[in-house]
Structures are given as structure tokens and as C-alpha cells.
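Novice: Chains as they are written, first to last, in our numbering: chain F, 1 to 215; chain G, 216 to 532.
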């Protein structure tokens, strides 16, 4: 190994450390911010609703950013960025789980009669709940061992992230009363991401797309 | 004058004696800080923390007739739906400083023998300002208990002398994007419109409100004058009213126009008729943890149920 390749590798390692730090920082910031507001009594008159809504927002942002990573790599040619996709997706799942638990434990105080009625009879809750359930196997199989074990099937399974995030956007859109600004923005983004993905898949696998973009 | 009682009002909605005792004490104190209900509007210094504490302390012992605890003043004035100032709950408190509730003009017209345009002070003359503690149930399934100051809407209806053909009353909110920045966005059709059947409007519980917690109505709560119909969902309580018209036909209220399958004209609080997207069986009382069951007509069934006898409330939601 020559000096110059060693320098390149340590640079790469440094960049990876920085990326990891950035992910943890970005991932924990919303949680710290919510806890801070809770402790300093800044959650307003209806703190449970505030926490519930902010957790929903944050999880949807993480899921949308996660799905944006592959197109971002395609457009910029920055291959390393793919390394943050998994932690981003897991943070999205973490906040979604907290969102669901806030609903079930704090909002509904575990009154299962009402929770079951909501999940079965209120379509926006049905699809939100479905999105969370769909993401559970994805979170479980996000480890290296599972990636190896599932091989090609892993990729197909993880395409469910698109379905789950789309359901999440619909859940968001459906629960607002009149101001659809943010849900519309989220819907445009998920449609754009899917169009990009479908076009990419039609013209071949991802490495080929990358190749064609580089030349 | 301030604490006048009308004999027509059933005892069930009268303010308990301790409120009046408490109130006399309060008036004495409030004179010192200039917070009387003599229509002296001071919106700029309203958010003062010292005043807020003073108010909370003074009213904390007061309970409504059902022994329900009052929602703190800070919550009543910081958690509002008033889309003219933004769609977030804290937007109205933050953005409503641009509203100028004085001078204020209200137009009374339509099918009546005595129409007119009134300055606010003249408009409220037929009424005697009194305290009333009402439950407020939002269609979003949260609720508060609020000590309002105001008088029965019937007083100003009687002065207008609606003609025989008048069956409905329609109200409009101010439509002025300079004062109400949220009207720049088309989330709802402006101006905000609400309406009542004439018999609902004449019901003694139906109230025009000019104050809350013994102080002039803050901008975010609908200054200078708003409607409160305690057995209906909160959106019926139109804020910052500038016009009142008597009509033969049922007016189309704003939320019904926005989504008629979800919001009706009547909008009576009813735990058995769910909103298409969520249950109305329970509500979160602001300040409480566990949801509590929602009461038919928000607990005012004894007074108002007869207004709807023979009507299918699933159709007339």
C-alpha cells in the first residue's frame, strides 16, 4: 500500500465518521427538541396532540429523505451517500413507532376498544397503522445478516418502503381539516420519487444508470 | 350593571354566587390595572404575564355549575382555531395583533323592520353584560370550560324586529386581509360565515360575547364581539362579527361549504354521530390526561333538545 492510497483511505474513513456523526445528530435532534419542550412546558395547551403531530411530521420527513437518497446518488453521482440510507430509514421507523405509541398510550390511554374501532373504521388511521405494520419487517431485516440471507429478495421486500411512505402521506393529507399545503408538498415529493424510480428501472439497473449519467 | 341578571335565564346556566362575590373583588382590583369591561380595548398590553397570573389566581376558585374546573386563561388565549390568522393553534395568539377591534361597526340587515349600522357600544346596548361559564367543545374532539362575559343574542334580535318571513340569522366575520393576514390564503372562503335558525338564535343560552375571564376579549378569541352557542361545535361561534342578517333561506356556513359531508349547518355536539374521519364519542378536556365522554348537546340537552324534536340528527348533523 502506497502512502497516497493510505491517505485516500483515511480521508474516506474520516468522511464516513463525519457522515455517521451527522446522521446521529440529525436523527436525535427532533427527540431532544421534543423532550426539551416538554421539560420547559413549551408544548402548549394540548401537549399530547402537539407531541403526536410533531412525531408524525418527523417520521414522514425521515422516510421521504430516506427514499430521496437513491435519486440523490443518481443525480449527483455521490455513491457514499447510500451509507446513510439505512440509518435514516431506521430513524423514520423509530419516530413512526413513537408516533403510534403516543397515539395508543397517551392519546387513547390504551383503551383498546377505541383503538380497534379507530384502526378498523377510520380510514386515515387504518392506512397510517398499515404503514407502520409494513415497516416492521423492513426494520427487522435491515441488518447485514438479513441482507445476506435474503439476497435478491431483500431488495424487493424493501420496495415496500415506497408503499408505506405513500400511505403515510395519504394519512397526513387525510387528517388535516382545510390547510393542505404541507401534505400536498409531501404528496408531490413522493410522486416525483416514484416517477424517478420507475423511469430509472425501465432504462436498466442502477449501476447502469449511474454509468450513463457519468458520460 | 355589570352583574345584572335576567329573570328569563334558567337557573341552570346562571353563574354561581361565589363567582359574583369573587367578581366584585375582582372588579375592585381590575379598576387599578384598567381592565374593566367598560369597552376600553387594550390589545397591545394584553399578553402581559403579570396580568395573566393575576387573572388565573383570581378565577382559580371559580367553578361552573357542574363543578368542572375552568380552563386556565393562558390556554383559552393561546390554543385557538381562527384561520384568519393562520391554521396552527398558536397562530392566532401570535398573529392577531394586526386586528384593530376599535372602532368597530356592525351592520344589521336583511328581513327585519329595524335594520341599522351600529358602533359596537351602541350595538350591545340592549344587552346586559353578565358572567356565564360554558363548556366549549371543538369539532376536533377537545374541549374547555370558559367564563365568558356577554349577553343573550336575543336582545339584539328583538331590537332588529325580524319580519315574519325571517327564519335564519347569518353572521359574517371581518373581511380585511390587512388586519387578518391569514385571509391571503384560500384555505377557507372569506369572509367566514355562520348561521343559526331563528329559534336557535333566540334561545337564552345563545350568547354574544365581549369578554373572557373578566377582561376584554383578546383578538385571538374573536375581538371585539363573537358568538357562543354552547351546545354546538366551536366553529359555530363566529368571531369578530361585522354583520348580522335575517334570511328566509338557510345560509351556507363556511365549514359546510368547505366540506359538506363533514360539517353541517346544525353542528350540534353529538357523541353518537361521528365525524366521517374521527369519533365524537369522547373528547380531551384541555388540561386533562384521559379523554372524557362527550355529552349530548355538550351537556345542555335539557335546555335545547326540544329545538330538534322530530329531526333525524344523523341527517341534520
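We put the CB at the ideal spot given by N, CA and C, even for glycine.
1. Can you tell me which of 392(G), 313(G) and 465(G) puts its alpha carbon nearest to the alpha carbon of residue 435(G)?
2. Could you tell me how far apart the beta carbons of residue 406(G) and residue 387(G) are, in whole angstroms, since I believe they sit closer than 8 Å?
3. What's the C-alpha gap between residue 429(G) and residue 17(F)?
4. Evaluate residue 418(G) with the Cβ neighbour count: other Cβ atoms within 10 Å of its Cβ, from every protein chain shown; 16 or more gives buried, anything less gives exposed.
5. Rounded to a whole number of angstroms, what is the C-alpha to C-alpha distance between residue 92(F) and residue 421(G)?
6. First and last residue of the beta strand (DSSP E) that includes residue 462(G)?
7. Check the Cβ of residue 402(G) against every Cβ in chain F and list those closer than 7 Å, keeping chain order.
8. Below 7 Å on C-beta distance, what does residue 122(F) contact in chain G?
9. For residue 138(F), which three-state DSSP category applies?
10. Name the chain G residues whose beta carbon is nearer than 8 Å to that of residue 109(F)?
11. Go to residue 98(F), then tell me how far its alpha helix (DSSP H) extends in each direction, as first and last residue.
12. Taking the beta carbon of residue 379(G) as the centre, do at least 16 other beta carbons fall within 10 Å, making it buried, or is it exposed?
13. Can you look up residue 343(G) in the DSSP assignment and give me helix, strand or coil?
14. Consult DSSP for residue 328(G) and reduce its assignment to one of helix, strand or coil.
15. Got a sec: is the Cβ-Cβ distance from residue 454(G) to anything in chain F below 8 Å?
16. Excluding the five sequence neighbours on either side, which residues of its own chain have a C-beta within less than 6 Å of the C-beta of residue 489(G), listed in chain order?
17. Classify residue 508(G): buried if its beta carbon has 16 or more other beta carbons within 10 angstroms, exposed otherwise.
18. Need the endpoints of the beta strand (DSSP E) that residue 361(G) sits in, please.
19. Just to confirm before moving on: does the CB-CB distance between residue 95(F) and residue 58(F) stay below 8 Å?
20. Against chain G, with Cβ distances strictly below 8 Å, would residue 175(F) count as a contact?
21. Going by beta-carbon coordinates alone, are residue 510(G) and residue 469(G) separated by less than 8 Å?
22. Should residue 309(G) be flagged as near chain F, meaning a C-beta pair shorter than 8 Å?
23. With distance defined between alpha-carbon atoms, name the residue in 125(F), 157(F) and 124(F) nearest to residue 140(F).
24. Would residue 320(G) count as contacting chain F if we go by Cβ distances under 8 Å?
25. So, for residue 124(F): in the same chain, excluding its five sequence neighbours on each side, which residues have a beta-carbon less than 7 Å away from its beta-carbon?
26. Show which residues of chain G have a CB atom less than 8 Å away from the CB atom of residue 80(F).
27. Taking the CB atoms as reference points, tell me whether residue 424(G) and residue 432(G) lie closer together than 8 Å.
28. Considering residue 114(F), what are the terminal residues of the alpha helix (DSSP H) in which it resides?
29. Pull up the distance between the alpha-carbon of residue 192(F) and that of residue 168(F), whole angstroms please.
30. In the structure shown, what three-state DSSP assignment does residue 338(G) receive?
31. From residue 268(G) to residue 289(G), what does the alpha carbon distance come to, in whole angstroms?
32. Would a check of beta-carbon distances place residue 380(G) closer than 8 Å to chain F?
33. Quick check on residue 267(G) - is its C-beta less than 8 Å from some C-beta in chain F?
34. Quick check on the DSSP output: the beta strand (DSSP E) that includes residue 424(G) runs from which residue to which?
35. Any beta carbon of chain F sitting closer than 8 Å to that of residue 532(G)?
36. How many Å lie between residue 526(G) and residue 183(F) at the Cα?
Specialist: A quick look at the data gives this:
1. The residue labelled residue 435(G) in the question sits at position 220 within the second chain. With distances taken between Cα atoms, residue 435(G) lies closest to 313(G).
2. Looking up residue 406(G) in the second chain gives position 191. Looking up residue 387(G) in the second chain gives position 172. About 5 Å separates the two Cβ atoms, so the contact holds.
3. Position 214 of the second chain, counting from 1, holds the residue named residue 429(G). Position 17 of the first chain, counting from 1, holds the residue named residue 17(F). C-alpha separation (whole angstroms): 60 Å.
4. Looking up residue 418(G) in the second chain gives position 203. Buried is the call here.
5. Looking up residue 92(F) in the first chain gives position 92. Looking up residue 421(G) in the second chain gives position 206. So the two alpha carbons sit approximately 48 Å from each other.
6. The residue given as residue 462(G) occupies position 247 in the second chain. Start and end: 456-462.
7. Taking the first residue of the second chain as 1, we reach residue 402(G) at position 187. 178 and 179, listed in chain order.
8. Position 122 of the first chain, counted from the first residue, corresponds to residue 122(F). Within 7 Å Cβ-Cβ: 492 and 493.
9. Counting from 1 along the first chain, the entry for residue 138(F) is found at position 138. If DSSP states are grouped into helix, strand and coil, residue 138(F) belongs with the helices.
10. The residue you call residue 109(F) lines up with position 109 of the first chain. 504, 505 and 506, listed in chain order.
11. The residue you call residue 98(F) lines up with position 98 of the first chain. Annotation: the continuous alpha helix (DSSP H) that includes residue 98(F) extends over 85-101.
12. By 1-based counting over the second chain, the position of residue 379(G) is 164. Classification for residue 379(G): exposed.
13. Taking the first residue of the second chain as position 1, residue 343(G) is located at position 128. Three-state result, residue 343(G): coil.
14. By one-based count along the second chain, residue 328(G) stands at place 113. The answer is coil: DSSP assigns residue 328(G) none of H, G, I, E or B.
15. On the second chain, position 239 is the one that residue 454(G) refers to. Under the Cβ distance rule, residue 454(G) does not count among the residues neighbouring chain F, no pair being separated by less than 8 Å.
16. Locating residue 489(G) in the second chain gives position 274, counting from the first residue. Cβ within range, chain order: 495.
17. If you number the second chain from 1, residue 508(G) lands on position 293. Counting Cβ neighbours within 10 Å, residue 508(G) comes out exposed, since fewer than 16 surround it.
18. For this step, residue 361(G) is matched to residue 146 along the second chain. Secondary structure note for residue 361(G): its beta strand (DSSP E) is the uninterrupted segment 357-367.
19. Residue 95(F) sits at position 95 when you count from the first residue of the first chain. Residue 58(F) sits at position 58 when you count from the first residue of the first chain. Yes. Within cutoff.
20. Position 175 of the first chain holds residue 175(F). Yes, residue 175(F) lies at the interface with chain G (some Cβ there is under 8 Å from its Cβ).
21. Position 295 of the second chain holds residue 510(G). Position 254 of the second chain holds residue 469(G). No, the Cβ-Cβ distance between residue 510(G) and residue 469(G) is not below 8 Å.
22. The residue you call residue 309(G) lines up with position 94 of the second chain. No, residue 309(G) does not count as interfacial toward chain F.
23. Residue numbering aside, residue 140(F) sits at position 140 when the first chain is read from its first letter. Minimum Cα distance to residue 140(F) is reached at 157(F).
24. Counted from its first residue, the second chain places residue 320(G) at position 105. Chain F, which has no Cβ nearer than 8 Å to the Cβ of residue 320(G), makes this no.
25. As a position in the first chain, residue 124(F) is number 124, starting the count at 1. Closer than 7 Å at Cβ, skipping near neighbours: 171, 174 and 175.
26. Translated into the one-based positions of the first chain, residue 80(F) becomes position 80. The contacting residues do not exist; residue 80(F) stays about 38 Å from chain G at best.
27. Counting from 1 along the second chain, the entry for residue 424(G) is found at position 209. Counting from 1 along the second chain, the entry for residue 432(G) is found at position 217. Closer than 8 Å, so yes.
28. The residue you call residue 114(F) lines up with position 114 of the first chain. That run of the alpha helix (DSSP H) goes 112-121.
29. Position 192 of the first chain, counted from the first residue, corresponds to residue 192(F). Position 168 of the first chain, counted from the first residue, corresponds to residue 168(F). Going by the C-alpha atoms only, they are around 16 Å apart.
30. The residue you call residue 338(G) lines up with position 123 of the second chain. Residue state, collapsed to three classes: helix.
31. The residue labelled residue 268(G) in the question sits at position 53 within the second chain. The residue labelled residue 289(G) in the question sits at position 74 within the second chain. Any reading at residue 268(G) must be qualified, since the residue scores a pLDDT of 41, below 50, and its modelled position is unreliable; no value is offered.
32. Taking the first residue of the second chain as 1, we reach residue 380(G) at position 165. Taking Cβ atoms only, chain F never reaches closer than 8 Å to residue 380(G), which makes this a no.
33. Sequence index remark: in the second chain, residue 267(G) carries index 52 (1-based). Note that residue 267(G) has pLDDT 43, beneath the 50 cutoff, so the model's placement of it is unreliable and no number is given.
34. Residue mapping note: residue 424(G) aligns to position 209 of the second chain, counting from 1. It spans 422-427 - the beta strand (DSSP E) in which residue 424(G) sits, taken as one unbroken run.
35. Translated into the one-based positions of the second chain, residue 532(G) becomes position 317. Residue 532(G) does not count as touching chain F.
36. Here the question's residue 526(G) lines up with position 311 in the second chain. Here the question's residue 183(F) lines up with position 183 in the first chain. Near 37 Å, if we compare the C-alpha coordinates of residue 183(F) and residue 526(G).
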